[in-house]
Amino acid sequence: MAYEVVIGLEVHCQLRTDSKLFSPAPVSFGREPNHSVHPICLALPGVLPVLNRRAVELAVCAALATHCKVHTSSVFARKNYFYPDLPKGYQISQYEEPLATGGYIDIPAGGDADEGDGKATKRIGLTRIHMEEDAGKSIHDSEVTGRFATHVDLNRAGVPLLEIVSEPDLRSPAEAAVYLRTLRSILRYIDVSDADMEKGNFRCDANVSLREAGAREFGIRTELKNLNSFRNVELALGSEILRQAEILDDGGSVVQATMAFDPVSRRTRVLRLKENADDYRYFPDPDLIPLVISDADVDRIRDELPELAQARYQRFQDQYGLSEYDARQLTISRELAEFFETAVAAHGVAKTVANWVLRDLREALGERELEDAAVTPEQFAALLRLVDDGKLTPKSARGLVPELVESGGDPEAWMRERGLEALSDTGVIERAVDEVIAAHPDDVDRFRSGEQKVQNFLMGQVMKKTKGKADPAAVRELLTQKLGA
Amino acid sequence: MPDSRPLPSVGELRRALDAGELSSVEITEASLERAESIDGSLRAFTGMRSEGARGDAAASDARRVEGKGLSSIDGIPVAIKDNMVMEGEPTTCASRILEGFVSPYTGTAVGKLRAAGAVIVGRTNLDEFAMGSSTEHSCFGATRNPWDLDRAPGGSSGGSAAAVAAGIVPAALGSDTGGSIRQPAAHCGVLGIKPTYGLVSRWGLVAFASSLDQIGVFARDASDAALLLGAIAGHDERDSTSIPEPVPDYRAAQTGDVSDLVIGLPREYFVSDGVDAGVLDAVRAAVAVLEAAGAKVREVSLPHTRYAVATYYLIATAEASSNLARYDGVRYGRRADDPSGLSDMYHRTRSEGFGDEVKRRIMLGTYVLSAGYYDAYYRKAQQVRGLLARDFQGAFRLCDVIATPTCPETAFRLGEKTGDPLAMYLGDIYTVSANLAGIPGVSIPCGQSSGLPVGLQLLGGTLAESTLLRVADAYQRLTDHHEARPTAV
Chain A
0 MAYEVVIGLE VHCQLRTDSK LFSPAPVSFG REPNHSVHPI CLALPGVLPV
50 LNRRAVELAV CAALATHCKV HTSSVFARKN YFYPDLPKGY QISQYEEPLA
100 TGGYIDIPAG GDADEGDGKA TKRIGLTRIH MEEDAGKSIH DSEVTGRFAT
150 HVDLNRAGVP LLEIVSEPDL RSPAEAAVYL RTLRSILRYI DVSDADMEKG
200 NFRCDANVSL REAGAREFGI RTELKNLNSF RNVELALGSE ILRQAEILDD
250 GGSVVQATMA FDPVSRRTRV LRLKENADDY RYFPDPDLIP LVISDADVDR
300 IRDELPELAQ ARYQRFQDQY GLSEYDARQL TISRELAEFF ETAVAAHGVA
350 KTVANWVLRD LREALGEREL EDAAVTPEQF AALLRLVDDG KLTPKSARGL
400 VPELVESGGD PEAWMRERGL EALSDTGVIE RAVDEVIAAH PDDVDRFRSG
450 EQKVQNFLMG QVMKKTKGKA DPAAVRELLT QKLGA
Chain B
0 MPDSRPLPSV GELRRALDAG ELSSVEITEA SLERAESIDG SLRAFTGMRS
50 EGARGDAAAS DARRVEGKGL SSIDGIPVAI KDNMVMEGEP TTCASRILEG
100 FVSPYTGTAV GKLRAAGAVI VGRTNLDEFA MGSSTEHSCF GATRNPWDLD
150 RAPGGSSGGS AAAVAAGIVP AALGSDTGGS IRQPAAHCGV LGIKPTYGLV
200 SRWGLVAFAS SLDQIGVFAR DASDAALLLG AIAGHDERDS TSIPEPVPDY
250 RAAQTGDVSD LVIGLPREYF VSDGVDAGVL DAVRAAVAVL EAAGAKVREV
300 SLPHTRYAVA TYYLIATAEA SSNLARYDGV RYGRRADDPS GLSDMYHRTR
350 SEGFGDEVKR RIMLGTYVLS AGYYDAYYRK AQQVRGLLAR DFQGAFRLCD
400 VIATPTCPET AFRLGEKTGD PLAMYLGDIY TVSANLAGIP GVSIPCGQSS
450 GLPVGLQLLG GTLAESTLLR VADAYQRLTD HHEARPTAV
């Protein structure tokens, strides 16, 4: 049977604040266990939560960047459950009255953020965005804790999270992954979160169900918990879709349940069934007053929002005359877009910079992030100017990019140090041309009898002889001149 | 009876300190001696802070000699209810579950008292986690009523009420969630004031029901209460529900004049059914005194009163069930020995650590919030709470102060109601509405019924503490019921 896949995602991302959501304890990564805590995070008797203003601003930024309606009043609620890494016995979250509702993001259609043609987009609805606090960490590793103990680290307890819930608008695991990448890009663009899946500050749960193609009712869904990489999101969804399809094919029905994904076996398994689901006994937290955000606050935050990827993508085409493809690629991350713009300002020719950034810079970066590279946009522009001025051949320049990315520095100094200055002495080039003609009489004959492409071979030989430093234009001119004679 | 003498009022001690007749060290020693001699039978305290208090008193004396007194309560011994944290001191909430807990920080109200120079002499007994109306539900045993040691002092702040009534301290802090200051004040014959919700910071007050809890003061008379309340009130950024308003000078407002005021008598409160006749007589007589002093008296109506107790026990237990979840044996306090696993640790820690009344309320509250019952109970209770608040808003358009009995009866016998929780809950009928509406209330002694004190409750609108303490002071200028001393200690 043909099924339509229906996926909705819940993303938890850590807001980039100095202190926790309701406590002055610092937010830190990798500190000694239980050293980033305050009586509030420990839930000592008598403590009260105080809302972090900065977290609210960041949350509003995220809501605006995703076209949500920010509510003038929203309410924090307690989600009650017992677990040792949840010090109060409840998590402060938002439930009936969230911060924002009813937004959307546009993702590249066709299921690939990198390869989309940049034109077709699909709009994915956002149900809601709300703020909540993270729990601590339970450490079950017996290597650390000894055989019969679990340790609790509360450094993470109370760290501010944003929960972003999508509508069930996604139709394939690939589309889900594109949605996640686009969402992450937006959150990074506006600088509200590092959104780094590896560090656990961008986490995803997925709801997935199948229905007969064309059906209007949704099928029974399962929830996949804690998918901690883009790859796992796709793998887990793929595996769960297969599992559900098999059940339906056999005439069975899917049981509503929470599932876990095992990346080793690549299978999903039931964590708990719906009828055993916890009753969280949500109620408004009486220690906190409703969060009131005035229209003026929203307007101020809107004015301060940085330009988003979509707007920048349009502008890059209009302002720099870039292709849709190049514009899309250059706006995938805010860092890359800003690097490009700064380099263009220093160099002058957008198309040239775009080519070099998208081809050579990205290749040299490999898996690394641009923030980790030492090269500045000004240095990169200076490298391209050396090529423009004929001081460096494109080949030599390309060879310098990895070193520049690694260590930065003045490209001209690198060039001299490596002795890569382009040969401008026509005497040397002419000597090389003559030697190549003399060494390859057969090829010269073939060229003269009409095989044009032999010229490329001969050029390559000259370049090889000059160690790539000869100006290719000068070589071509001399070759044409001498072969034609 | 031991020969220690009850301490006089804050005002009298202040005068003696300023006149050089007494030092804070001498007053503090007298307080500690008084506790030493009578608290074995009274059991008002869960722990004394003798050494710390002596040190604080000596420091206060040094300040006074240098003319650098901090406030009019500098050097005055005060007790705090054992549900308010103070750095380096245990906080027990009269519960086994907090066994061994010592607070690393000081709460706002206690910190403000100390900043004003008050000498904290000890922590007073309470119903476990402030849940109860008799101070019998304490892991330290019941506190006795200083008027009759076979009777309960009321609760949950019974230790503070008894300590002030018995003259161990001239003033004490308590907390009031549904009457826990006013009811024991009435039963012990002292003044007790529950301020407007949000006037005194809850930072450092161990939560029972967060939307109802409020710290307040026990004192001998209204002028002492004005000084103490002025010292602990005020906005605090650490409590999001704290009111950002400046604190008025309550003492300065005590002019003795009530001729500009209208006193409302809610018809729903003055019913003979279930109310002790002697209590009603004393309250009516007190209103007559105020009327004679120039106040106008009229009837008002609080039509939703009959829903107040039910509403209160839904909201208070719901919040309590969540607030007490943190006592899980993981981070501090008691943990069951050798648990076989996580679930066993939770079960046994909480089964062994909490007393019956606390368990009863946690179960009630858990039920109230459960899926499928939330709308019928918690949400409905919040709606009724709104109606009760509106009742008061309507009434305060017609009057400035509402006068009622504090409790339907005088102090009951120890054990009389512990077997019947519902009867115990119904005793809160006159006090819970003020917590639900967030308005201030004060109970002052207004005579006796069968030899036991009767309390007159005065309720005011939001932030009407000045008016309440002015009326209480005016009444005490005209009467001497607040001078009556318990005879059993």
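Those sequence lines, one after another, are chains A and B.
Once you know that position 151 of the first sequence is 150 in numbering that gives the first Met the number 0, the rest is easy, because the numbers rise by one and skip nothing.
Once you know that position 32 of the second sequence is 31 in numbering that gives the first Met the number 0, the rest is easy, because the numbers rise by one and skip nothing.
Idealized CB from N, CA, C, for every residue including glycine.
Taken through DSSP and simplified to helix, strand or coil, I361/B comes out as helix. Per the coordinates, the alpha-carbon of S350/B lies some 15 Å from the alpha-carbon of F128/B.
In this structure, A160/B and F217/B form a Cβ contact; the two beta carbons are roughly 6 Å apart against a cut-off of 8 Å. Using a 10 angstroms sphere on the CB of R311/A, the tally of other CB atoms reaches 16 or more, which defines it as buried.
Considered as a whole, the segment 198-233 of chain B harbours 221-231 as its complete alpha helix (DSSP H) runs of no fewer than 4 residues, in chain order. DSSP, read as helix, strand or coil, puts V59/A in helix.
T65/A places its beta carbon less than 8 Å from that of I128/A. Look at D278/A: its C-beta is under 8 Å from a C-beta on chain B.
For T90/B, at least one C-beta of chain A is nearer than 8 Å to its own C-beta.
At a cut-off of 8 Å between C-beta atoms, R77/A counts as an interface residue with respect to chain B.
Along the segment 435-480 of chain B, the beta strand (DSSP E) occurs as fully enclosed runs of 3 or more residues at 440-448 and 451-459, listed in sequence order. When secondary structure is reduced to three states using DSSP, M196/A falls in the coil class, being assigned neither helix nor strand. Within chain B, the residues whose beta carbon sits less than 7 Å from that of K87/A are A324 and R325, listed in sequence order.
In this chain, the beta strand (DSSP E) harbouring L209/A covers F201 to E211. The contact set of R330/B on chain A, defined by CB atoms closer than 9 Å, consists of L41, A42, L43, P83, P86, V151 and L153 in chain order.
Judged by DSSP in its simplified three-state form, C12/A adopts strand. Here the segment 282-290 of chain A makes no contact with the segment 31-42 of chain A; the two share fewer than three CB pairs at distances below 8 Å.
Taking 8 Å as the Cβ-Cβ cut-off, the segment 374-388 of chain A has no residue approaching chain B. Taking 8 Å as the cut-off, the beta carbon of S448/B is found no closer than this to the beta carbon of V205/B. Here L385/A is near P410/A, since their CB atoms are less than 8 Å apart.
Under the 8 Å criterion on CB atoms, R48/B is classed as non-interfacial with respect to chain A. Membership of F21/A in any beta strand (DSSP E) is not indicated, and neither H nor E is assigned to it by DSSP.
At least 8 Å separates the CB of W146/B from every CB of chain A. One Cα belongs to S165/A, the other to V101/B, and the distance between them is close to 46 Å.
Any Cβ of chain B closer than 8 Å to the Cβ of L50/A would place that residue at the interface, and such an atom is present. Closest in alpha carbon position to Y345/B, among G364/B, V357/B and R325/B, is R325/B.
Excluding its 5 nearest sequence neighbours in each direction, I219/A has C-beta neighbours in its own chain below 8 Å: S208, S252, V253, V254 and Q255, listed in chain order.
Distance from the Cα of A380/B is smallest, within the candidate group S321/B, F391/B, A436/B and Y331/B, for A436/B. Residue state for V453/A is assigned as helix, using DSSP reduced to three classes. Between Y196/B and chain A, the shortest Cβ-Cβ separation is not below 8 Å. G340/B is the residue among R42/B, T365/B and G340/B whose C-alpha sits nearest the C-alpha of A148/A. Interface residue (Cβ-Cβ distance to chain A less than 8 Å): P183/B is not classified as such. Beta-bridge partners of L169/A (DSSP): I6/A.
In terms of Cα proximity to I37/B, the closest of I401/B, V118/B, A281/B and G166/B is G166/B. Identification of residues in the segment 214-245 of chain B having a C-beta nearer than 8 Å to some C-beta of chain A yields E236, R237, D238, S239 and T240, given in sequence order.
Taking one beta carbon from each stretch, the segment 311-326 of chain A and the segment 348-357 of chain A have 3 or more pairs nearer than 8 Å; the two touch.
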